[in-house]
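Asker: One structure, pasted below without further comment.
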Amino acid sequence: MRWSQVRFLCNPPYFLEGSLLEEHKAADESSDTEASADASSEGSSSENLDGDTFLLPDLGEGLPDAEIVRWLVKEGDTVTVDQPIVEMETAKAVVEVPSPFAAKVSKLYGQTGDVINTGDPLIEFGGSSSGAKKAAPKKDAGEEKRADSGTVVGAVEVGNNVVAETTNSVVKALARKLKVDLTQVKGTGKDGAITQKDVREAAKNGGGSAKAAPAPVANQESGFDTSNPLAYKASPAVRALARKLGVDLGNCQASGRKGSITRDDVENATKGGSAPAASKPSQSAASTSSTPSSSGGLPTLNVEVKPETVRGVRRAMAMGMAHSHSTVVPTTLVEDVDISAWPKGTDSLARYVRALVTAAKAVPAVNAWFDGDNFERLLHPNVNVGIAVDSGDGLYVPVVHNADRMSMGEVRGRVQELREKIETKSLKQDDQQNATITLSNFGSIAGRYGTPVVSPPQVAILGTGRFRNELKLTDKGITNAKMLPLSLTFDHRGCTGGEAARFLAAVMEDLQKAQ
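Numbered according to the numbering used here, the sequence shown spans residues -5 to 509.
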């Protein structure tokens, strides 16, 4: 993982080590380019305004798909450049997708609730009603073009060098879909830009076609790889199709963006001479047979199970947990702290945040990000606390930014505001970014100790358990003490056991205070 991959989660300044400062600056500079610049690199040729299909771009960093939340336009409407046309829910947030053209909407692909793969058709434009062209950003003289990964969040520096870019994200997606090698296509657009027409012509004439990869074969023995399905990038719809056809995702040749597996990849696997698994669930449901037990007892009951596609927040949680499990080296310290001195009515959550802030200032190594690929870390001067919030839709982790500059009352107000946003489904991507350390108050429901999961690139997460009263032996005799269990999980790659222990001790010292 390079820091440019998390650049849109970062806000300078940071304490940077080694050569990380220059790289971080380069990533910041590349993120200044607006998404409209990406959409305009084809130039202003009129063919873009006549029957042009807009493909779903990458709405984040390598997201394989997004779900339609609400269309903001309808067929027949005339839209302007950068006018929001649809709300899409990704694994990270709800995003408004802007129109790249000033044109008339001729067709909408999909309805509310449909999942659209990145690079698939989203909306079709039938022509410009006012002769307006695609927006083209003004460039200063001598400004060099940067390579763009084709994401809505902006341009991304590719590798260590900045290279010229003559193809936008829509054209790239179309080329992937038609299996056209863009390096072999001659652009006819402005300044030699490759247009959608160029790609379609190349596909039609067979010119510039990429070499076809050998068709993968489904695993006939297992039918579907259940060892670690999250190890492969695929949308819920693609996974469901693979289960239906009995195709092992591990045997699919990924052709989608960022190595994601598409429906075509799954279908190609079945065409490679493989047969579906011997036994598989029906399309609507899988049921267990009623069979007598070996001990002669009651037979098992018929149970009908209908698969549920995991989307949105729950899918993001599943992917995040799998990523953490495969990268982080977790170690958990547990301890109990006496909070008997707290006055009645003390806001426990605000006290937890204050304790984290105090400990982060005392031991900065725990309030940090760690890059395991490059063995670099960022020590954050400010404390942004992620608060794990349970909801019916899944686990949200909104962030209290700059908690070190807030009073406890301000912290509580901000947490309440974030919870209301979750309830009204109005939580934005900005509300979930930049966490430097996370708090999980699972004890508000149940549980004494736990092993909370660190969310990389963060280094630590603090879990608070359920209060309990216990007899405690002190210098004054036996007293009834109110105890709070604490569980600190830290990534042992990013900090030492001593640093984590000192951090936990600082948390306890603050929590023991009356005020």
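Don't be surprised by glycine CBs; every beta carbon is placed ideally from N, CA and C.
Treat the numbers as computed from the prediction; the structure is a model and nothing was measured.
Under the rule that 16 or more other beta-carbon atoms within 10 Å means buried, what is N463, buried or exposed?
Answerer: The residue is exposed, with fewer than 16 neighbouring Cβ atoms inside 10 Å.
Asker: Could you have a look at A353 and say whether DSSP puts it in helix, strand or coil?
Answerer: If DSSP states are grouped into helix, strand and coil, A353 belongs with the helices.
Asker: Hey, how far is the Cα of E404 from the Cα of R413?
Answerer: Roughly 14 Å separates the two Cα atoms.
Asker: Leaving out five residues before and five after C489 in sequence, what residues of the same chain have Cβ atoms less than 6 Å from its Cβ?
Answerer: For C489, where only same-chain residues beyond five positions count, the Cβ hits under 6 Å are A359, V360 and V453.
Asker: What does the alpha-carbon distance come out to for the pair E137 and T326?
Answerer: Here E137 scores only 41 on pLDDT, less than 50, and its place in the model is too uncertain to base an answer on.
Asker: Using the Cα positions of A349 and M477, report the straight-line distance between them to the nearest angstrom.
Answerer: Straight-line Cα distance between these residues: approximately 16 Å.
Asker: Using beta-carbon positions only, say whether L514 and T264 come within less than 7 Å of one another.
Answerer: Only positions -5 to 509 of the chain appear in the structure, and residue 514 is not among them; the question remains open.
Asker: Taking contact to mean 3 or more Cβ pairs, one atom from each stretch, closer than 8 Å, check whether the segment 386 to 403 and the segment 413 to 427 are in contact.
Answerer: In short, these stretches touch, since the Cβ pair count reaches three.
Asker: Where does the unbroken beta strand (DSSP E) through E61 begin, and where does it stop?
Answerer: Taken as a continuous stretch (DSSP letters only), the beta strand (DSSP E) holding E61 covers D59 to W65.
Asker: CB-CB under 8 Å to K170, same chain, minus the five flanking residues each way: which ones, in chain order?
Answerer: First, the residue type needs correcting, since residue 170 is Arg and not Lys in the sequence shown. Answer for R170: G113, S249, G250 and R251, listed in chain order.
Asker: Three or more C-beta pairs under 8 Å: does that hold for the segment 56 to 67 against the segment 81 to 96?
Answerer: The segment 56 to 67 vs the segment 81 to 96: in contact.
Asker: Express the C-alpha separation of V322 and V75 in angstroms, rounding to a whole number.
Answerer: Going from the Cα of V75 to the Cα of V322 covers about 43 Å.
Asker: Tell whether a beta-carbon distance below 7 Å holds between T458 and G437.
Answerer: Contact flag set, yes.
Asker: Pull up the distance between the alpha-carbon of Q190 and that of V80, whole angstroms please.
Answerer: Approximately 22 Å, taken between the alpha carbons.
Asker: So, using beta-carbon positions, are G444 and S481 closer together than 7 Å?
Answerer: It is a contact, given that the beta carbons lie within the stated cut-off.
Asker: Expressed to the nearest angstrom, what Euclidean distance is found between the alpha-carbon atoms of D425 and A397?
Answerer: D425 and A397: Cα-Cα distance of roughly 13 Å.
Asker: Could you compute how far the alpha carbon of D330 sits from the alpha carbon of P479?
Answerer: Roughly 4 Å between the two C-alpha positions.
Asker: The beta strand (DSSP E) that contains E90, what's its start and end?
Answerer: Residues V88 to P92.
Asker: By how many angstroms is the C-alpha of P115 removed from the C-alpha of L516?
Answerer: The chain is shown from -5 up to 509; residue 516 falls before or after that span and cannot be answered.
Asker: Unbroken alpha helix (DSSP H) runs of length 4 or more, entirely within the segment 300 to 381: which are they?
Answerer: Here the runs fully enclosed are 306 to 321 and 342 to 356.
Asker: What does the alpha-carbon distance come out to for the pair L343 and V193?
Answerer: Computed Cα separation, rounded: 56 Å.
Asker: Buried or exposed, going by whether 16 or more other CB atoms sit within 10 Å of the CB of N199?
Answerer: With fewer than 16 Cβ atoms within 10 Å of its Cβ, N199 is classed as exposed.
Asker: Counting only the same chain and skipping the five closest in sequence on each side, list residues whose C-beta sits under 6 Å from that of M502.
Answerer: If we look at M502 and ignore the five residues flanking it on each side, its Cβ neighbours are V331.
Asker: So who's on the other strand from S249, going by DSSP bridges?
Answerer: Per DSSP, none; premise fails for S249.
Asker: What number of angstroms, rounded off, separates the C-alpha of R487 from the C-alpha of A96?
Answerer: Spanning the two alpha carbons is a distance of roughly 51 Å.
Asker: Do you know offhand how far K507's Cα is from Y346's?
Answerer: Straight-line Cα distance between these residues: approximately 12 Å.
Asker: For F119, name the three-state secondary structure that DSSP assigns.
Answerer: In the structure shown, F119 sits in a strand (DSSP, three-state: E or B).
Asker: Pick out the complete alpha helix (DSSP H) segments inside the segment 381 to 449, 4 residues or longer, and give them in chain order.
Answerer: Entirely contained in the segment 381 to 449, the alpha helix (DSSP H) runs reaching 4 residues are, in chain order, 402 to 417.
Asker: Taking only the alpha-carbon atoms, compute the straight-line gap between A475 and D341 and give it to the nearest angstrom.
Answerer: Spanning the two alpha carbons is a distance of roughly 18 Å.
Asker: Is the beta carbon of A231 less than 7 Å from the beta carbon of V88?
Answerer: It is not a contact, given that the beta carbons lie outside the stated cut-off.
Asker: Exposed or buried, what is S401 when buried is set at 16 or more other beta-carbons lying within 10 Å of its beta-carbon?
Answerer: S401 should be labelled exposed.
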